[in-house]
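Novice:
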Amino acid sequence: QRVKDRFGGRVKCIINPPQPGAAVVIGAVHYGSNPSVIKARVSRFTYGVKFGSTFRPGNELHQKHEDKKVWDEKTQTFRLNNQFRAFVKVGELVAVDHEVTHGYFPVYDDQTEIEFQMFHCDFNPFFATERGVTPLGNSVCVEVPAEGQRGVDAVMHFGDTEIRMEVIPLDKSFPSRDTTVKFSCK
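With positions in the sequence shown counted from 1, the corresponding number in my numbering is that position plus 34.
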(Lines of atoms letter the chains of each structure in order from A and count residues from 1; the text may use other names and numbers.)
(Lines give C-alpha, C1' and ligand atoms only; values in the text may rest on other atoms or scores of the structure.)
Protein backbone atom coordinates (compact mmCIF):
# COMPACT_ATOMS: atom_id res chain seq x y z
CA GLN A 1 0.00 0.00 0.00
CA ARG A 2 2.87 2.38 0.81
CA VAL A 3 4.29 1.93 -2.69
CA LYS A 4 0.89 2.73 -4.23
CA ASP A 5 0.52 5.79 -2.00
CA ARG A 6 3.97 7.11 -2.85
CA PHE A 7 4.23 6.30 -6.56
CA GLY A 8 0.62 5.86 -7.67
CA GLY A 9 0.44 9.32 -9.22
CA ARG A 10 3.66 8.84 -11.20
CA VAL A 11 3.10 5.46 -12.83
CA LYS A 12 0.25 3.88 -14.71
CA CYS A 13 0.38 0.43 -13.15
CA ILE A 14 2.08 -0.95 -10.05
CA ILE A 15 2.65 -4.68 -10.14
CA ASN A 16 3.22 -6.52 -6.89
CA PRO A 17 4.29 -10.12 -7.49
CA PRO A 18 2.83 -12.57 -4.96
CA GLN A 19 6.34 -13.91 -4.23
CA PRO A 20 8.89 -11.11 -4.78
CA GLY A 21 11.87 -13.35 -3.94
CA ALA A 22 10.79 -15.86 -6.57
CA ALA A 23 10.45 -13.02 -9.11
CA VAL A 24 14.09 -12.05 -8.51
CA VAL A 25 15.24 -15.65 -8.93
CA ILE A 26 13.19 -16.08 -12.11
CA GLY A 27 14.68 -12.85 -13.51
CA ALA A 28 18.19 -14.08 -12.70
CA VAL A 29 17.47 -17.40 -14.44
CA HIS A 30 16.15 -15.58 -17.53
CA TYR A 31 19.25 -13.38 -17.60
CA GLY A 32 21.59 -16.33 -17.01
CA SER A 33 20.10 -18.33 -19.87
CA ASN A 34 19.74 -15.35 -22.24
CA PRO A 35 21.83 -12.27 -21.31
CA SER A 36 20.50 -10.42 -24.37
CA VAL A 37 17.22 -9.80 -22.50
CA ILE A 38 19.00 -6.82 -20.90
CA LYS A 39 19.55 -4.10 -23.52
CA ALA A 40 20.59 -1.20 -21.28
CA ARG A 41 21.13 -0.28 -17.64
CA VAL A 42 20.84 2.94 -15.64
CA SER A 43 24.22 3.84 -14.16
CA ARG A 44 24.23 4.10 -10.38
CA PHE A 45 27.45 6.14 -10.46
CA THR A 46 29.40 8.63 -12.53
CA TYR A 47 32.52 6.92 -13.90
CA GLY A 48 35.56 8.78 -15.16
CA VAL A 49 39.27 9.53 -14.90
CA LYS A 50 41.48 12.24 -13.43
CA PHE A 51 43.35 14.53 -15.82
CA GLY A 52 45.06 17.90 -15.94
CA SER A 53 45.15 20.65 -18.52
CA THR A 54 46.65 24.04 -19.19
CA PHE A 55 44.65 26.71 -17.38
CA ARG A 56 42.57 28.66 -19.93
CA PRO A 57 41.45 32.08 -18.62
CA GLY A 58 38.74 32.33 -21.31
CA ASN A 59 37.12 29.06 -20.22
CA GLU A 60 34.16 29.70 -17.92
CA LEU A 61 34.73 26.53 -15.86
CA HIS A 62 38.43 27.28 -15.50
CA GLN A 63 37.63 30.84 -14.38
CA LYS A 64 35.28 29.43 -11.76
CA HIS A 65 38.18 27.39 -10.33
CA GLU A 66 40.96 29.93 -10.83
CA ASP A 67 41.99 29.53 -7.17
CA LYS A 68 43.02 25.93 -7.96
CA LYS A 69 45.44 26.76 -10.78
CA VAL A 70 49.10 25.96 -10.15
CA TRP A 71 52.25 27.19 -11.85
CA ASP A 72 54.20 24.47 -13.64
CA GLU A 73 57.89 25.40 -13.82
CA LYS A 74 58.64 22.80 -16.46
CA THR A 75 56.03 23.97 -18.99
CA GLN A 76 56.05 27.60 -17.82
CA THR A 77 52.24 27.61 -17.75
CA PHE A 78 49.46 27.59 -15.21
CA ARG A 79 47.77 24.20 -14.96
CA LEU A 80 44.47 23.00 -13.59
CA ASN A 81 45.19 19.51 -12.27
CA ASN A 82 43.00 16.77 -10.77
CA GLN A 83 40.05 17.51 -13.05
CA PHE A 84 37.44 14.79 -13.50
CA ARG A 85 36.37 13.70 -16.98
CA ALA A 86 33.16 11.70 -16.95
CA PHE A 87 32.70 8.80 -19.34
CA VAL A 88 29.19 8.01 -18.02
CA LYS A 89 27.15 10.09 -15.57
CA VAL A 90 24.95 8.95 -12.69
CA GLY A 91 21.42 8.17 -13.90
CA GLU A 92 22.50 7.81 -17.53
CA LEU A 93 20.97 4.99 -19.56
CA VAL A 94 23.90 2.90 -20.80
CA ALA A 95 23.38 0.38 -23.61
CA VAL A 96 25.10 -2.99 -23.32
CA ASP A 97 28.40 -2.82 -25.25
CA HIS A 98 28.40 1.01 -25.13
CA GLU A 99 31.87 2.58 -25.50
CA VAL A 100 33.10 6.06 -24.64
CA THR A 101 36.50 7.33 -25.84
CA HIS A 102 38.51 10.39 -24.78
CA GLY A 103 41.95 11.33 -26.06
CA TYR A 104 44.88 12.41 -23.88
CA PHE A 105 48.46 13.57 -24.40
CA PRO A 106 51.53 13.66 -22.16
CA VAL A 107 52.13 16.93 -20.33
CA TYR A 108 55.91 17.02 -20.74
CA ASP A 109 58.09 16.60 -23.83
CA ASP A 110 60.26 14.05 -22.03
CA GLN A 111 57.32 12.10 -20.57
CA THR A 112 57.22 8.50 -21.83
CA GLU A 113 54.40 7.08 -19.67
CA ILE A 114 50.82 8.10 -18.93
CA GLU A 115 48.94 6.67 -15.95
CA PHE A 116 45.16 6.42 -15.66
CA GLN A 117 43.01 5.66 -12.64
CA MET A 118 39.27 5.08 -12.90
CA PHE A 119 37.11 6.92 -10.33
CA HIS A 120 33.43 6.80 -9.44
CA CYS A 121 30.96 8.81 -7.35
CA ASP A 122 27.22 9.42 -7.07
CA PHE A 123 27.31 12.99 -8.43
CA ASN A 124 28.95 14.92 -11.31
CA PRO A 125 32.20 16.44 -9.99
CA PHE A 126 34.60 18.90 -11.57
CA PHE A 127 37.60 17.59 -9.61
CA ALA A 128 38.59 14.00 -8.88
CA THR A 129 39.74 15.19 -5.45
CA GLU A 130 36.23 16.19 -4.30
CA ARG A 131 34.78 14.38 -1.29
CA GLY A 132 32.94 11.25 -2.37
CA VAL A 133 35.02 10.63 -5.52
CA THR A 134 36.80 7.33 -4.99
CA PRO A 135 39.31 5.32 -7.03
CA LEU A 136 38.05 2.13 -8.59
CA GLY A 137 40.11 -0.89 -9.62
CA ASN A 138 43.77 -0.83 -10.59
CA SER A 139 45.50 2.05 -12.33
CA VAL A 140 46.69 1.56 -15.90
CA CYS A 141 50.08 2.82 -17.07
CA VAL A 142 50.98 2.92 -20.77
CA GLU A 143 54.20 3.81 -22.50
CA VAL A 144 54.23 6.46 -25.21
CA PRO A 145 57.02 7.29 -27.67
CA ALA A 146 59.45 10.14 -27.08
CA GLU A 147 58.34 11.70 -30.39
CA GLY A 148 55.75 11.17 -33.10
CA GLN A 149 52.23 10.07 -32.14
CA ARG A 150 52.42 10.55 -28.39
CA GLY A 151 48.73 10.55 -27.50
CA VAL A 152 46.50 7.80 -26.19
CA ASP A 153 42.82 6.96 -26.35
CA ALA A 154 41.20 5.98 -23.06
CA VAL A 155 38.17 3.81 -23.83
CA MET A 156 35.58 2.61 -21.35
CA HIS A 157 33.68 -0.44 -22.57
CA PHE A 158 30.37 -0.92 -20.74
CA GLY A 159 29.50 -4.61 -21.02
CA ASP A 160 26.82 -6.59 -19.27
CA THR A 161 28.06 -6.34 -15.68
CA GLU A 162 31.58 -4.91 -16.06
CA ILE A 163 33.42 -1.83 -17.23
CA ARG A 164 36.70 -2.40 -19.00
CA MET A 165 38.94 0.64 -19.30
CA GLU A 166 41.46 0.23 -22.10
CA VAL A 167 44.23 2.75 -22.78
CA ILE A 168 45.47 2.55 -26.37
CA PRO A 169 48.57 4.43 -27.57
CA LEU A 170 48.07 6.15 -30.94
CA ASP A 171 51.47 4.74 -31.91
CA LYS A 172 50.43 1.14 -32.51
CA SER A 173 53.96 -0.17 -31.88
CA PHE A 174 53.26 0.38 -28.15
CA PRO A 175 50.97 -2.08 -26.32
CA SER A 176 47.60 -1.12 -24.89
CA ARG A 177 46.74 -1.82 -21.24
CA ASP A 178 43.41 -2.43 -19.54
CA THR A 179 41.63 -3.00 -16.24
CA THR A 180 38.13 -4.28 -15.45
CA VAL A 181 35.72 -3.34 -12.65
CA LYS A 182 32.12 -4.16 -11.75
CA PHE A 183 29.48 -1.91 -13.37
CA SER A 184 27.01 -0.84 -10.69
CA CYS A 185 23.60 -0.02 -12.08
CA LYS A 186 20.08 0.61 -10.78
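The beta-carbon is built from N, C-alpha and C at its ideal position, and this holds for glycine as well.
Keep in mind it's a predicted model, so treat the numbers as computed, not measured.
Excluding the 5 residues preceding and the 5 following residue 22 in the sequence, name in chain order all residues of the same chain whose CB lies nearer than 7 Å to its CB.
Specialist: There is no way to answer for residue 22, as the model of the chain reaches only from 35 to 220.
Novice: To the nearest angstrom, report how far apart residue 91 and residue 37 are at their CA atoms.
Specialist: Working through the sequence shown from its first residue, we reach residue 91 at position 57. Working through the sequence shown from its first residue, we reach residue 37 at position 3. Whole-angstrom Cα-Cα distance: 50 Å.
Novice: So the beta strand (DSSP E) residue 95 belongs to, where does it begin and stop?
Specialist: Residue numbering aside, residue 95 sits at position 61 when the sequence shown is read from its first letter. That residue, residue 95, is in no beta strand (DSSP E); its alpha helix (DSSP H) goes 94-98.
Novice: What residue from 200, 125 and 159 has the CA that sits closest to residue 136's CA?
Specialist: To locate residue 136, count along the sequence shown from 1; it is residue 102. That would be 200, whose Cα lies nearest to the Cα of residue 136.
Novice: Would you mind giving the Cβ-Cβ distance between residue 148 and residue 176, rounded to the nearest angstrom? I have them listed as a contact below 8 Å.
Specialist: Translated into positions along the sequence shown, residue 148 becomes position 114. Translated into positions along the sequence shown, residue 176 becomes position 142. Sure, about 6 Å apart at Cβ, within 8 Å.
Novice: Mapping DSSP to helix, strand and coil, what is residue 210?
Specialist: Indexing the sequence shown from 1 puts residue 210 at position 176. Reduced to three states, the DSSP call for residue 210 is coil.
Novice: With DSSP as the reference, identify every bridge partner of residue 216, one or two as the case may be.
Specialist: As a working mapping, residue 216 is identified with position 182 in the sequence shown. Beta-bridge pairing links residue 216 to 196.
Novice: Along the chain, which unbroken stretches of the beta strand (DSSP E) at least 3 residues long are found entirely within the segment 98-181?
Specialist: The qualifying runs are 104-106, 111-122, 127-129, 132-138, 147-155 and 168-177.
Novice: So, for residue 138: in the same chain, excluding its five sequence neighbours on each side, which residues have a beta-carbon less than 7 Å away from its beta-carbon?
Specialist: As a first step, residue 138 is located in the sequence shown; it is residue number 104 there, counting from the start. Here the set comprises 85, 148, 185, 186 and 188.
Novice: If we ignore side chains and look at the alpha-carbon of each, how far apart do residue 76 and residue 94 end up?
Specialist: What you label residue 76 is simply residue 42 of the sequence shown in a count that begins at 1. What you label residue 94 is simply residue 60 of the sequence shown in a count that begins at 1. Spanning the two alpha carbons is a distance of roughly 30 Å.
Novice: Hey, residue 130 and residue 122 are a contact pair by Cβ (cut 8 Å); roughly how many whole angstroms apart?
Specialist: For this step, residue 130 is matched to residue 96 along the sequence shown. For this step, residue 122 is matched to residue 88 along the sequence shown. Not confirmed; about 13 Å, so no contact.
Novice: Grouping DSSP H, G and I as helix and E and B as strand, with all else coil, what is residue 184?
Specialist: Position 150 of the sequence shown, counting from 1, holds the residue named residue 184. Of the three classes helix, strand and coil, the one that applies to residue 184 here is coil, per DSSP.
Novice: Can at least three beta-carbon pairs, one atom from the segment 58-76 and one from the segment 99-107, be found at a separation below 8 Å?
Specialist: No, the segment 58-76 does not touch the segment 99-107.
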